[in-house]
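Just so you know, the protein sequences line up as chains S and G, in that order.
For the first sequence, my numbering assigns the number 84 to the initial residue and increments by one for each residue that follows.
For the second sequence, my numbering assigns the number 69 to the initial residue and increments by one for each residue that follows.
Glycine included, C-beta positions come from ideal geometry on N, C-alpha and C.
Structure, as structure tokens:
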Amino acid sequence: MATNLVEKAQIMDADAIRRGLVRIAHEIIERNKGTEGLILIGIRRRGVPLAQRLAAFIEEIEGRKVPVGVLDITLYRDDLTTRTEQPVVHRTEVPVTVAGKTIILADDVLYTGRTIRAALDALMDLGRPAQIQVAVLIDRGHRELPIRADYVVKNVPTSKREVIECHLTEIDGGEDRVMIMEKAEG
Amino acid sequence: MRLASKDILGLQEMSTTDMQLILDTAESLKEIISRPIKKVPTLRGKTVLTLFYEPSTRTRTSFELAGKYMSADTVNIATTTSSVVKGETLRDTARTVEVMGMDVVIMRHPISGSCHYLAKILDASVVNAGDGMHEHPTQGLLDMFTILQRKGQLKGLRVAIVGDVYHSRVARSNIWGLTKMGAEVVVAGPSTLIPPYIEELGVKAYTRVEEAIEGADVVNVLRLQLERQQRGLFPSTREYSRIFGVNRERLALAKKDHLLMHPGPMNRGVEIASDVADGEHSTITEQVTNGVAVRMAILYLLLGGATDEAAD
Chain S
84 MATNLVEKAQ
94 IMDADAIRRG
104 LVRIAHEIIE
114 RNKGTEGLIL
124 IGIRRRGVPL
134 AQRLAAFIEE
144 IEGRKVPVGV
154 LDITLYRDDL
164 TTRTEQPVVH
174 RTEVPVTVAG
184 KTIILADDVL
194 YTGRTIRAAL
204 DALMDLGRPA
214 QIQVAVLIDR
224 GHRELPIRAD
234 YVVKNVPTSK
244 REVIECHLTE
254 IDGGEDRVMI
264 MEKAEG
Chain G
69 MRLASKDILG
79 LQEMSTTDMQ
89 LILDTAESLK
99 EIISRPIKKV
109 PTLRGKTVLT
119 LFYEPSTRTR
129 TSFELAGKYM
139 SADTVNIATT
149 TSSVVKGETL
159 RDTARTVEVM
169 GMDVVIMRHP
179 ISGSCHYLAK
189 ILDASVVNAG
199 DGMHEHPTQG
209 LLDMFTILQR
219 KGQLKGLRVA
229 IVGDVYHSRV
239 ARSNIWGLTK
249 MGAEVVVAGP
259 STLIPPYIEE
269 LGVKAYTRVE
279 EAIEGADVVN
289 VLRLQLERQQ
299 RGLFPSTREY
309 SRIFGVNRER
319 LALAKKDHLL
329 MHPGPMNRGV
339 EIASDVADGE
349 HSTITEQVTN
359 GVAVRMAILY
369 LLLGGATDEA
379 AD
């Protein structure tokens, strides 16, 4: 049965998202002392446009291209045997070797940490990166695993009843925005 | 998305939705085969059995590798070294391996319909890896996948299936699969090796190979199955090769960018000339790689999700 979600509040608009991403693009460059050996990898689906945007901002700032990859974590999920609906597998496309590189994993929302856990395993199977760092748009808390983000655009305290919805132009059309939704009563 | 049935028995009964799901999933999984570390953890704790009552190199190996690349445990029974030679029935062999905890049984058997029988008596999934002269659905799917990868579509293509159609389960699976996906299929071979009902399956039959190959986007050459034939279906392999063999001159009638396929194993110099088999149009080695991707997709779709009961 589909749950009805009601919008409770909009927490970010397109400008806020853009400014936040520009800030963490700077943080990524600062912390890694440039772009040498960096690869941005987006987790399907909404991590992908975020990785591409970060790469574009980094290129604007540093004048150097950073490779961008796409990671599909379906095969690494820990809930494959408990879900009725079998998730559709999509392609993983990482154009360069990850061995010895610094990987910036990008995703929209960090919640339980299970997606990042799956992504870490998926990455390790592609090779042995020197470092993996995590960049997210929203960190909403409620971690179930010992995982944290290195770069966060916005920390949003939430209750477990709430859902964070990110709309990104590349995937959802329309304007970029982030909303807190709540499950409707009854 | 999940498949409609717990088993993969044939393309005759498979919906286009399920075929498309398998082809799309194979497309996503193919990349894993070219990785330095060819392993994903998806089917950890699942067990796959290959039960082969007939010889096989590529089908059995590719199912085994597909299972291993997805972290399933794979067990192989070749009947020549099993209790089958002591007279054990198919039913008893199957029951024995099921109570050992097999999740999927992949069977090849010389009798048409044997996989359907097995599927009825087992709770485990059954995958038909070739049943007699009936179907070889995973070969049909990997052939479709290969065409799709090269041509971008199946709809509207002219596919010529040439050779020993009568004994060929590969031909039947290809015909059912390709016609459902909107391709035009024609077959050709000596009249003794073309079954009389074949046009009822929606294909045009020719006895001259040239007529079938003319204008074809894909030429799929079948193996002359000498082991299944009684004597007298054609005078000699030499004459067969001269009249029905696929060679450079005959392929000149096909489209310039045609694909040349063969399910293997090949009788070089009989149904297919050696130079074209290794030539620039040949997809024969690609078919083998694609076979692993398609079988990974099938194992994932059969085993990857929860059963409906488990989710309740």
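Along chain G, which residues have their Cβ under 8 Å away from the Cβ of residue i?
i                      : result
residue 197 of chain S : Going along chain G, no residue has its Cβ under 8 Å from residue 197 of chain S, so there is no contact; the nearest lies around 14 Å.
residue 204 of chain S : 109
What residues from chain S crowd round residue i, counting only those whose CB sits closer than 7 Å?
i                      : result
residue 372 of chain G : 163 and 169
residue 323 of chain G : The contacting residues do not exist; residue 323 of chain G stays about 29 Å from chain S at best.
residue 69 of chain G  : 169 and 171
Output the boundary residues of the beta strand (DSSP E) element that contains residue i.
i                      : result
residue 93 of chain S  : 88-96
residue 193 of chain G : 193-199
residue 215 of chain S : 214-222
residue 250 of chain S : 245-250
residue 184 of chain G : Residue 184 of chain G -> not in any beta strand (DSSP E); alpha helix (DSSP H) instead, spanning 182-189.
residue 328 of chain G : 327-329
residue 154 of chain S : 151-154
residue 142 of chain G : 141-146
residue 266 of chain G : Counting along the chain, residue 266 of chain G falls outside any beta strand (DSSP E), and DSSP gives it neither H nor E.
Would you mind telling me which residues of chain S sit closer than 8 Å to residue i, beta carbon to beta carbon, in chain order?
i                      : result
residue 103 of chain G : 208 and 209
Strictly below 9 Å CB to CB, what residues from chain G border residue i?
i                      : result
residue 155 of chain S : 96
residue 174 of chain S : 95, 96, 97, 98 and 99
residue 159 of chain S : 108, 109 and 110
Return the first residue and the last residue of the alpha helix (DSSP H) that residue i is part of.
i                      : result
residue 205 of chain S : 197-209
residue 86 of chain G  : 84-101
residue 135 of chain G : 126-137
residue 143 of chain S : 130-145
residue 281 of chain G : 277-281
residue 165 of chain G : 158-167
Against residue i, what residues of chain S qualify as contacts under a CB-to-CB distance less than 9 Å, listed in chain order?
i                      : result
residue 218 of chain G : By Cβ distance, chain S contributes nothing, its closest Cβ being about 18 Å from residue 218 of chain G, past 9 Å.
residue 137 of chain G : Simply none; closest approach about 10 Å.
Buried or exposed: where does residue i fall if 16 or more other Cβ atoms within 10 Å of its Cβ makes it buried?
i                      : result
residue 306 of chain G : exposed
residue 87 of chain S  : exposed
residue 242 of chain G : buried
residue 107 of chain S : buried
residue 132 of chain S : buried
residue 242 of chain S : exposed
residue 153 of chain S : buried
residue 251 of chain G : buried
residue 104 of chain S : buried
residue 207 of chain G : buried
residue 213 of chain S : exposed
residue 355 of chain G : buried
residue 244 of chain S : exposed
residue 193 of chain G : buried
residue 236 of chain G : buried
residue 191 of chain S : buried
residue 169 of chain S : buried
residue 168 of chain G : exposed
residue 186 of chain G : buried
residue 184 of chain S : buried
residue 171 of chain G : buried
residue 182 of chain G : buried
Name the DSSP beta bridge partners of residue i, please?
i                      : result
residue 190 of chain S : S:219
residue 249 of chain G : Residue 249 of chain G is not bridged to any residue.
residue 174 of chain G : G:118 and G:195
residue 350 of chain G : G:328
residue 185 of chain S : S:121 and S:214
residue 55 of chain G  : The first residue shown for chain G is 69 and the last is 380, placing residue 55 of chain G beyond what the model contains.
residue 234 of chain S : S:218
residue 112 of chain G : BP columns for residue 112 of chain G are empty, so no partner.
residue 340 of chain G : G:314 and G:336
residue 288 of chain G : G:229 and G:329
residue 364 of chain G : None; residue 364 of chain G has no bridge partner.
Applying a beta-carbon distance threshold of less than 9 Å, which residues of chain A neighbour residue i?
i                      : result
residue 265 of chain G : Structure shown: chain A not included; protein chains present are S and G.
### Task
Determine contact between the segment 250-257 of chain G and the segment 267-287 of chain G, defined as no fewer than three beta-carbon pairs at a distance below 8 Å.
In the pairwise beta carbon analysis, the segment 250-257 of chain G is classified as touching the segment 267-287 of chain G: at least three pairs are separated by under 8 Å.
### Query
Would you call the segment 193-201 of chain S and the segment 167-182 of chain S in contact, with 3 or more CB pairs under 8 Å?
In this structure the segment 193-201 of chain S does not touch the segment 167-182 of chain S; the number of beta carbon pairs closer than 8 Å is below three.
### Query
Can we say the segment 225-243 of chain G touches the segment 278-293 of chain G, given the rule of at least three CB pairs closer than 8 Å?
Counting C-beta pairs closer than 8 Å gives three or more between the segment 225-243 of chain G and the segment 278-293 of chain G, which meets the contact rule.
#### Entry: Cβ pair count under 8 Å reaching 3, the segment 111-118 of chain G against the segment 135-142 of chain G
Yes: the two stretches touch, three or more of their Cβ pairs being nearer than 8 Å.
### Query
Does the segment 158-172 of chain S come within contact of the segment 222-229 of chain S, defined as at least 3 CB pairs closer than 8 Å?
Flag = no, the segment 158-172 of chain S and the segment 222-229 of chain S do not touch.
### Query
If we count Cβ pairs, one from each stretch, closer than 8 Å, do we get three or more for the segment 350-364 of chain G versus the segment 208-223 of chain G?
Touching, yes.
### Task
Could you tell me whether the segment 333-348 of chain G touches the segment 130-148 of chain S, where touching means 3 or more Cβ pairs closer than 8 Å?
Contact between the segment 333-348 of chain G and the segment 130-148 of chain S is absent, because fewer than three Cβ pairs lie under 8 Å.
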